[in-house]
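Presented below is the structure to which this report refers.
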Amino acid sequence: QARSHNIQSVKYVAGMQSNGRHLLEMANEIRRAITNEELILHFQPQLNLKSNRLEAAEVLVRWQHPDKGLLAPGQFFDDIEALNLFSELDNYVLDKTCQTIAKWYKTYKRRVPLAINITADEFQATNFICNIKCLLKKYDIPPIYLELEITENVVITDIELVMKTIIELQNMGIKVSIDDFGTGYSSLAYLRRLPIDKIKIDRSFIQEVASNDSDLTIVKTMIELSHGLGKRVLAEGVETKEQLQLLRNIGCDAVQGYFISKPISEEEFTKYLKRK
Ligand code: C2E
Ligand code: CA
Ligand code: CA
Ligand code: CA
391 QARSHNIQSV
401 KYVAGMQSNG
411 RHLLEMANEI
421 RRAITNEELI
431 LHFQPQLNLK
441 SNRLEAAEVL
451 VRWQHPDKGL
461 LAPGQFFDDI
471 EALNLFSELD
481 NYVLDKTCQT
491 IAKWYKTYKR
501 RVPLAINITA
511 DEFQATNFIC
521 NIKCLLKKYD
531 IPPIYLELEI
541 TENVVITDIE
551 LVMKTIIELQ
561 NMGIKVSIDD
571 FGTGYSSLAY
581 LRRLPIDKIK
591 IDRSFIQEVA
601 SNDSDLTIVK
611 TMIELSHGLG
621 KRVLAEGVET
631 KEQLQLLRNI
641 GCDAVQGYFI
651 SKPISEEEFT
661 KYLKRK
C-alpha cells in the first residue's frame, strides 16, 4: 500500500518536473522565436458581399519553427498562455502588422485594412492605447487601416474600462469587432453595451447553415439583430458556394473562409492583391 503510494507520488513529482522543464524550454524557444522573427503573419481575405471586393484581411500568426515546420496557433498557444506571454505575442503581431500596412502601401500604392486578434486582457491593459498611437506614428499609417478583433471567450472583468478603451479607439478611427460571436459569454450584453463596428459570426453556426434550419434561423436572427443595432456582420468559415449565396441572400455584409481563400503567406497574398 505505502509502497505503491510512494511510487505514485514519485511519478507525480517527476511529471511536474518534466512539465516545468518543458515550460522553461518553451519560454526560451518562444523568446528566441520573437527575436529571430520566426513568428510570421499569414493573411486571410475578407470579401465584401455588396461590392464583391476584398474589404480587408485577417492577420493570423504562424510559427516557422526551425525543426517542427510551420505551426498554427493551436500548436503553441497553450504554452504562450501558461507562460503568460500573450501580451508579448500581441505586441509583436501588432508591430509587424503596422509595418506590413506601411510596406504594402509603399510597394503597391494600395492599403488593405488588416484585422488583428487581440486577447481581451490586452484591451484592459493601461498602456494599450498609448502603444497603438505610438505604432501608428512610427509607421505613419492612418488608423482606418487597422482593425481589432476581440474575443469574448474571456470574462471581461472591467467592462467599463473595456468600453472606455473601445470608445477611445473609435475616436482615433480604429475599428473594433467581436470575434467568434455567439460562442462566448453574455454576447447580448456585450452587443448592447460595447460600441463596436462589426460582429463576426462563429464558424460553428455557418458549418451547417445551408442544411440545418435552426442554424439558419440563428444566423438570420444574428444578422437582423446586429443590423438593428447598426453593426456590420461578417460570417466566418464559409467553405462552399452554397453557404456564400445563402449568406448574401439573407443580408450578410461580408464573408471569410476557405471558399474565398485559406490564410496565406505574405508572398501569396501580395500575388492575390495584384490579381484583384
Ligand atoms: P479566429 O480568430 O477565429 O481565426 C479563424 C480561424 O479559423 C483560423 O485558424 C483560420 O485558419 C480558420 N479558418 C478560416 N477559414 C476557415 C474555414 O473556412 N474552415 C475552417 N475549418 N477553418 C477556417 P488559426 O489560424 O489556426 O487560428 C486559430 C485562432 O488563434 C484564431 O481564431 C485566433 O483566435 C487565434 N489567433 C491567431 N492569430 C493570433 C494572433 O496573432 N494573436 C492572438 N491573440 N490570437 C491569434
Ligand atoms: Ca479572429
Ligand atoms: Ca473567429
Ligand atoms: Ca476562434
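If you read the sequence shown in UniProt numbering, its first letter stands for residue 391, the second for the next number, and so on.
Ideal Cβ positions, reconstructed from N, Cα and C, are used throughout, including at glycine.
Checking the sheet assignment: what are the DSSP bridge partners for residue i?
i	result
W453	L429 and L461
V566	L538
A446	Q436
I654	F433
A644	N438 and L624
F571	I591
Starting from the Cα of residue i, find the closest Cα among the options and give me that residue.
i	options	result
F649	K664, G641, G627 and F659	G627
L414	L475, G641 and L559	L475
Y535	L559, Q635, A625 and Q633	L559
G618	D587, R500, T630 and N639	D587
V566	K590, M416 and L538	L538
W453	S655, K590, K661 and Y662	S655
K661	I589, F433, A423 and I596	F433
A417	D469, K458 and T547	D469
L636	A600, L437, A625 and A579	A600
E448	F595, L624, D603 and I557	L624
L429	L460, D603, N409 and L444	L460
L431	C524, L444, C642 and T490	T490
E478	L437, K664, N442 and E427	E427
K458	E419, N409 and E471	E419
Expressed to the nearest angstrom, what Euclidean distance is found between the alpha-carbon atoms of residue i and residue j?
i	j	result
K621	F518	24 Å
L439	L473	40 Å
N521	A644	29 Å
T516	K554	11 Å
H412	A462	19 Å
W494	T573	34 Å
L551	L584	11 Å
A510	L526	21 Å
L615	R593	18 Å
Y529	M612	37 Å
I564	I540	13 Å
R501	E512	26 Å
I506	V451	9 Å
Y402	R421	For Y402, the predicted structure reports a pLDDT of 49, less than 50, and the residue's modelled location is therefore unreliable. The matter cannot be settled from this model.
Q633	G464	26 Å
L504	A446	6 Å
S651	P435	7 Å
D570	T425	31 Å
K499	T487	17 Å
F659	Q646	14 Å
D485	I508	12 Å
K590	I557	19 Å
A492	N602	43 Å
L444	E657	17 Å
K523	R582	27 Å
P456	F466	14 Å
I531	D480	19 Å
P533	N561	10 Å
R638	E629	14 Å
N442	L578	30 Å
Report all residues from its chain with a CB closer than 8 Å to the CB of residue i; omit the five preceding and five following residues, and keep chain order.
i	result
E598	D605
residue 669	One cannot answer for residue 669 here, as it falls past the ends of the chain, which runs 391 to 666.
K664	Y498
Just to confirm my understanding: we take residue i, look at its own chain, exclude 5 residues before and 5 after, and list those with CB closer than 7 Å. What are they?
i	result
F595	G572, D605, I608 and V609
P653	H432, F433, Q434 and L450
Y482	I424 and L429
C642	L439, I613, V623 and A625
Ordered along the chain, which non-local residues of its own chain (more than five positions away) have a Cβ less than 6 Å from that of residue i?
i	result
T497	none
Residue ranges of each beta strand (DSSP E) within the stretch 580-615, 3 or longer: 588-591
Contiguous alpha helix (DSSP H) assignments of at least 4 residues, all confined to the stretch 475-538: 476-498, 510-513 and 518-529
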